[in-house]
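Peer 1: In this note's numbering, the protein residues as written are 895 to 1251. Every residue, glycine too, gets a C-beta built ideally from N, C-alpha and C.
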Ligand code: SF4
């Protein structure tokens, strides 16, 4: 199939994980659009670094909806700017009334979103939200009204630059980690507190990895920096903290260099899939059936499947409603380490004292 539209807007102003999993939609729209077509993406300024080098995106619209552009005036100016671009088609994976209103007020004649969006009445076509499909495939289904048929899961593309690679190599080298040293990346953060495996378990995992000869790096945003610093301290210095120090593209580049990423149900898991690094993902208040699971052939999931309270929230609540947070606290290191060791093909009993700095 081929699209006839030459100017297409994709709107995704949610969290970075949602943005990463919207990239296959952008890429497929670009692939089936006529030569010279422009596929633009509207997103938050904080994701600019990750997206500004993407080869399928013609123009990146940045909308600071939580900051300087919070008011009605800025929203209206944005609508007028979009209207001037004369888009022919809007694809709206973001399930939000504001995003639906935006493409309607921008005068875009064909607007496709999900039937679960609160703004679905503003779309010309509302596609069924398939609860159990992987999010990347779900987003691709927005192309179905245009004749698109799913073939295989499309991996998001993260286009890091030579400068990003140099920056990461320099950062690792300052930590004494050369190219020959195998690396594992840990991602202990999450916007939602209940989705986090306890920091002390990540620290104990870091020690075990170091005992098995791996360099261990932590990634995350600025908001994860204190948590990651605490993990590094508890791990006795056998891990390096890149949270808030590396950009999103540099973090992706670091993950690409790793043999494995271990993280919660959060954005770094999707970054790892994008760059082809195997994942061990820990699920607590959410479940893989929501569609945000790591889909790589070597990826593994660790969870307490038997807990009747799971899932308790689509995102993971700020606090455990039962006040025990068993879904994460009851995942011991002894459950995670054999899975990690198996992925890395190392013995499950590394020699005590064999830590490599
Ligand atoms: S209610 Fe259950 S699933 Fe939800 S946070 Fe608490 S322990 Fe986790």
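Looking at C-beta atoms only, is the number of pairs between the region 1197-1214 and the region 1100-1110 that lie closer than 8 angstroms three or more?
Peer 2: no
Peer 1: Have a look at residue 995 and residue 1224 and give me their C-alpha separation to the nearest angstrom.
Peer 2: Walking along the chain shown from the start, residue 995 turns up at place 101. Walking along the chain shown from the start, residue 1224 turns up at place 330. Their backbone Cα atoms lie some 43 angstroms apart in a straight line.
Peer 1: Looking at C-beta atoms only, is the number of pairs between the region 1008-1022 and the region 928-940 that lie closer than 8 angstroms three or more?
Peer 2: no
Peer 1: Less than 9 angstroms between CB atoms is the rule here; does residue 959 satisfy it with respect to chain B?
Peer 2: Here chain B cannot be found, since the structure has a single protein chain.
Peer 1: Which two residues bound the contiguous beta strand (DSSP E) that contains residue 1158?
Peer 2: In the chain shown, counting from the first residue as 1, residue 1158 sits at position 264. Per DSSP, the unbroken beta strand (DSSP E) holding residue 1158 starts and ends at 1154-1158.
Peer 1: Leaving aside the five residues before and after residue 998 along the sequence, list all residues of the same chain whose C-beta is less than 6 angstroms from its C-beta, in chain order.
Peer 2: Reading the chain shown from its first residue, position 104 is the one you call residue 998. 1016.
Peer 1: For residue 1262 and residue 1082, what's the separation of their Cα atoms in angstroms?
Peer 2: The question about residue 1262 has no answer here: the residues shown for the chain are numbered 895 through 1251.
Peer 1: Assign residue 897 to one of two classes, buried (16 or more other C-beta atoms within 10 Å of its C-beta) or exposed (fewer than that).
Peer 2: For this step, residue 897 is matched to residue 3 along the chain shown. Label assigned to residue 897: buried.
Peer 1: Is it right to say residue 1025 is buried, meaning 16 or more other beta carbons lie within 10 angstroms of its own, or is it exposed?
Peer 2: Residue mapping note: residue 1025 aligns to position 131 of the chain shown, counting from 1. Classification for residue 1025: exposed.
Peer 1: Please state the DSSP three-state secondary structure of residue 1230.
Peer 2: Within the chain shown, residue 1230 is the residue found at index 336, counting from 1. In the three-state reduction of the DSSP assignment, residue 1230 falls in the helix class, which pools H, G and I.
Peer 1: Which whole-angstrom value is the C-beta distance of residue 939 and residue 956, which I expect to be below 8 angstroms?
Peer 2: As a working note, residue 939 is residue 45 in the chain shown. As a working note, residue 956 is residue 62 in the chain shown. Confirmed, Cβ separation roughly 4 angstroms.
Peer 1: According to DSSP, simplified to helix, strand and coil, what is residue 1132?
Peer 2: Numbered from its first residue, the chain shown carries residue 1132 at position 238. Of the three classes helix, strand and coil, the one that applies to residue 1132 here is coil, per DSSP.
Peer 1: Would you mind working out which of 1003, 985, 1001 sits nearest residue 1009, comparing C-alpha positions?
Peer 2: Against the chain shown, residue 1009 aligns to sequence position 115. When each option's Cα is compared against that of residue 1009, the closest is 985.
Peer 1: Keeping to the same chain, check which residues put their C-beta closer than 8 angstroms to that of residue 1101; ignore five residues upstream and five downstream.
Peer 2: Here residue 1101 refers to the residue found at position 207 when the chain shown is read from its first residue. Excluding sequence neighbours, residue 1101 sits near 1129, 1130, 1132, 1249.
Peer 1: Please confirm whether residue 1185 and residue 1027 have their CB atoms less than 9 angstroms apart.
Peer 2: Working through the chain shown from its first residue, we reach residue 1185 at position 291. Working through the chain shown from its first residue, we reach residue 1027 at position 133. Yes, they are a contact pair.
Peer 1: Which of the three DSSP states is assigned to residue 1251 in this structure?
Peer 2: Translated into positions along the chain shown, residue 1251 becomes position 357. Low confidence applies to residue 1251: its pLDDT is 38, below 50, so where it sits in the model is not reliable, and the reading given next is rough at best. Residue 1251 falls in the coil class under three-state DSSP.
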